[in-house]
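The opening position of the sequence shown corresponds to residue 2 in the working numbering, with each subsequent residue numbered one higher.
For each residue, glycine too, the CB sits at the ideal point set by N, CA and C.
A quick write-up on the structure given underneath.
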Amino acid sequence: MFRRGFMDQEAVSVFTRRITNGNKSQIIAVLFDMIQVDLDDALDGLRNHEQEEYMEALRHANEVLEHLQNALDFKYDISKDLYSLYDYCKRSIAKAMYSGREEGINEARQVIDPLAEAFREVAENDDSAPLMENTQKIAAGLTYGKSDINESVDTDNSRGFLA
Numbered sequence: 002m003f004r005r006g007f008m009d010q011e012a013v014s015v016f017t018r019r020i021t022n023g024n025k026s027q028i029i030a031v032l033f034d035m036i037q038v039d040l041d042d043a044l045d046g047l048r049n050h051e052q053e054e055y056m057e058a059l060r061h062a063n064e065v066l067e068h069l070q071n072a073l074d075f076k077y078d079i080s081k082d083l084y085s086l087y088d089y090c091k092r093s094i095a096k097a098m099y100s101g102r103e104e105g106i107n108e109a110r111q112v113i114d115p116l117a118e119a120f121r122e123v124a125e126n127d128d129s130a131p132l133m134e135n136t137q138k139i140a141a142g143l144t145y146g147k148s149d150i151n152e153s154v155d156t157d158n159s160r161g162f163l164a
């Protein structure tokens, strides 16, 4: 999805845009994409002996998993199963943090990757409205710069709260 290495500003911008324009299912899919990038970044940090990047990527993956756990609606039976899976992933990430080895990351990936694929499939079939209203509109790909796509941002002054 993004170039390998610690989640850069470009990745953050893309994730932010996807979240602000996404419906519930799409936002969950974005969160899983973020975890996958974080775990890739952690592996890169470990292999390149960049301890700070390694730990930061694992901490961020853990925060996203915590967010997913807190967002579960326990009136649905599947929430209990998802909670257990997220908890397992958090424990695997903690194992990676304290051991400094790939094993915990690989264990988390064995759970995260199939869940991410399942949630992406759900998001593709979910045609509900975006969760956030009155967000900036961005048109990308209409014009091209020398090295990348130019984006146009609608700076509608009526965004936000009206008093």
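Where the alpha helix (DSSP H) containing residue i begins and where it ends
| i | result |
| --- | --- |
| Glu51 | Per DSSP, Glu51 belongs to no alpha helix (DSSP H) and is neither H nor E. |
| Phe120 | Glu104 to Asn126 |
| Gly77 | In the sequence under discussion, the amino acid at residue 77 is Tyr, which differs from the Gly named in the question. Taken as a continuous stretch (DSSP letters only), Tyr77 belongs to no alpha helix (DSSP H), as it is neither H nor E. |
Nearest residue (CA-CA) to residue i, options the options
| i | options | result |
| --- | --- | --- |
| Asp114 | Asn24, Ile28, Val38 and Gln27 | Val38 |
| Asp42 | Ile29, Leu32, Glu122 and Glu57 | Glu57 |
| Ile36 | Asp74, Glu125 and Arg60 | Arg60 |
| Ile29 | Leu73, Leu47 and Arg92 | Leu73 |
Any non-hydrogen atom of the ligand NAP within 6 Å of residue i CB
| i | result |
| --- | --- |
| Tyr87 | Because no ligand of any kind appears in the structure shown, any question about the ligand NAP cannot be addressed here. |
Cβ neighbours of residue i in the same chain (closer than 6 Å, five flanking residues each side left out)
| i | result |
| --- | --- |
| Leu163 | Any answer about Leu163 is weak, because its pLDDT of 46 lies below 50 and its placement is not dependable; what the coordinates show is given next. Contacts found: none. |
| Tyr87 | Leu66, Leu69 and Gln70 |
| Val123 | Ser26 |
| Leu47 | Tyr55 |
| Glu108 | Ser93 |
Cβ shell of residue i (< 7 Å), same chain only, five flanking positions each side left out
| i | result |
| --- | --- |
| Val112 | Leu86, Tyr89 and Cys90 |
For residue j and residue i, believed in contact at Cβ under 8 Å, the rounded distance
| i | j | result |
| --- | --- | --- |
| Leu40 | Arg110 | 6 Å |
| Asn63 | Ile94 | 5 Å |
| Ala117 | Phe33 | 4 Å |
Pairs of beta-carbons, one from the segment 70–83 and one from the segment 94–102, closer than 8 Å: are there three or more? Touching, no.
Would you call the segment 66–75 and the segment 46–56 touching, i.e. three or more CB-CB distances under 8 Å? The segment 66–75 is not in contact with the segment 46–56.
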